[in-house]
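I have placed the structure first, in the form of structure tokens, so that the comments after it can refer back to it.
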Amino acid sequence: MKNFKILFVLSMLAVILFPQAAPAIGLEAAAGAWVESPGGDMAYKGNALSVDDDLNYANKARFYGRVKIDMPLIIPNIYLMATPMSFDGAGNKSAGFTFGDKTYTASVPFTSELRLDQYDIGLYYGVPFLKTATLGKLNIDAGLNIRIIDFSAEVTQGALKESANLTFPVPMVYIGAQVDLIKKLAIEAEFRGIAYDTNHYYDLIGRVKYKFLGLMFIGAGYRYEDIKIDKSSIVANLNFSGPFAEAGVEF
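Per our numbering, the sequence shown starts with residue 153, numbered consecutively.
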């Protein structure tokens, strides 16, 4: 997974720094910070632990980056996005609990860490002729997105320690919309999601973007994720939400 992270970041940087080397007719690149507010619960071969009541995770601001490449002709457009997530906290549970193959003692303080890094690779097309028909005011995109999840969780109580690690791909539907209100101001929305069996993964983004100095823009909005997975003895029913702000270039 470490090699994948390095390759993913290098790919994003190469597109940003050397756009003339790619057969793209348009590029949008942005970096920002998302204030991630966690909720829900998770379990690993045992009892469910509440993110709020048991693990005591607090909101955390993390940097993220994204790149959109508009390709020529019939080649699908590309959307790359990296969203790191990590939380840690100190808890004290009145009842004993099991995490993995370890049993933890009641009313004894413990610490925990949760990481849920996400790497998106999306391929999409714009709805033909819609932007032209609306005089450049409205555009809708649709396609497929592969999200690589790098999940890890660890619980420590004194010398007792147990961890769970899992890396897996999640195929998702991608739908995006952009509305240009005026020449420099736009509203955007993005949806990525899938539901199968008892699992689901939904990611919604709303953004207001203001363009200035020709190529530059700033943006702000809100992001919400709802995750329910049961995989490799890891059961998680988690949600993350909060505001974000970003700055970038578009040409």
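Every residue gets a Cβ at the ideal spot worked out from N, C-alpha and C, and that includes glycine.
Note that this is a predicted model, so its numbers are computed, not measured.
| Query | Result |
| --- | --- |
| Closest by CA to Ala258, which one among Asn244, Tyr271 and Leu268? | Asn244 |
| From Ala173 to Gln309, what does the alpha carbon distance come to, in whole angstroms? | Its pLDDT being 49, under 50, Ala173 is placed unreliably in this model, and the value from its coordinates should be taken loosely. About 52 Å. |
| Give the secondary structure of Ala173 by DSSP, where H, G and I count as helix, E and B as strand, and everything else as coil. | Bear in mind that the predicted position of Ala173 carries a pLDDT of just 49, short of 50, making it unreliable; the figure below should be weighed with that in mind. Three-state DSSP puts Ala173 in a helix. |
| Hey, could you find the ends of the alpha helix (DSSP H) Thr284 is sitting in? | Leu282 to Ala285 |
| Assign Leu225 to one of three DSSP states: helix, strand, or coil. | coil |
| By the DSSP assignment, the beta strand (DSSP E) with Phe249 in it spans what residues? | Phe249 to Phe251 |
| Where do the N-terminal and C-terminal ends of the beta strand (DSSP E) with Met194 fall, by residue? | Gly178 to Tyr196 |
| From which residue to which residue does the beta strand (DSSP E) around Ala324 run? | Note on identity: in this sequence residue 324 is Met, with Ala being the wrong assignment. Met324 -> beta strand (DSSP E) spans Leu312 to Asp332. |
| Let me know if Lys383 comes out buried or exposed under the rule of 16 or more other beta-carbons within 10 Å of its beta-carbon. | exposed |
| Report the option in Glu398, Gly371 and Glu402 whose CA atom is closest to the CA atom of Gly214. | Sequence check: residue 214 is Arg here, not Gly. Comparing Cα positions, the closest option is Glu398. |
| Would a check of beta-carbon distances place Asp193 closer than 8 Å to chain D? | The structure shown contains no chain D; it holds only a single protein chain. |
| Would the segment 264-273 count as touching the segment 294-313 if we require 3 or more Cβ pairs under 8 Å? | yes |
| For Ser393 and Ala347, what's the separation of their Cα atoms in angstroms? | 19 Å |
| For Leu282, which residues from the same chain have a beta carbon less than 7 Å from its beta carbon, with the 5 sequence-adjacent residues on both sides left out? | Leu290, Asn291 and Ile292 |
| Quick check on DSSP: helix, strand or coil for Thr235? | strand |
| According to DSSP, is Thr255 part of a helix, a strand, or is it coil? | strand |
| Please state whether DSSP places Lys289 in a helix, a strand or coil. | coil |
| Applying the criterion that 16 or more other CB atoms from any shown protein chain within 10 Å of the CB defines a buried residue, is Ser264 buried or exposed? | buried |
| Rounded to the nearest angstrom, what separates Ala329 and Glu342 at their Cα positions? | 7 Å |
| According to DSSP, is Thr350 part of a helix, a strand, or is it coil? | coil |
| Within its chain, find whatever has a CB closer than 6 Å to the CB of Pro395; leave out the 5 residues flanking it on each side and keep chain order. | Val187 and Tyr374 |
| Measuring only the C-alpha atoms, how far is Asn208 from Ile273? | 32 Å |
| Less than 8 Å between the C-beta atoms of Glu340 and Lys361, yes or no? | yes |
| Can you give the Cα-Cα distance for Ala182 and Val401, rounded to whole angstroms? | 7 Å |
| Only counting the same chain, and skipping five residues up and downstream in sequence, which positions put a Cβ closer than 8 Å to that of Met324? | Leu296, Asn297, Ile298, Arg299, Arg344, Gly345, Ile346, Tyr353 and Asp355 |
| Buried or exposed for Ala285, going by 16 or more other Cβ atoms inside 10 Å? | exposed |
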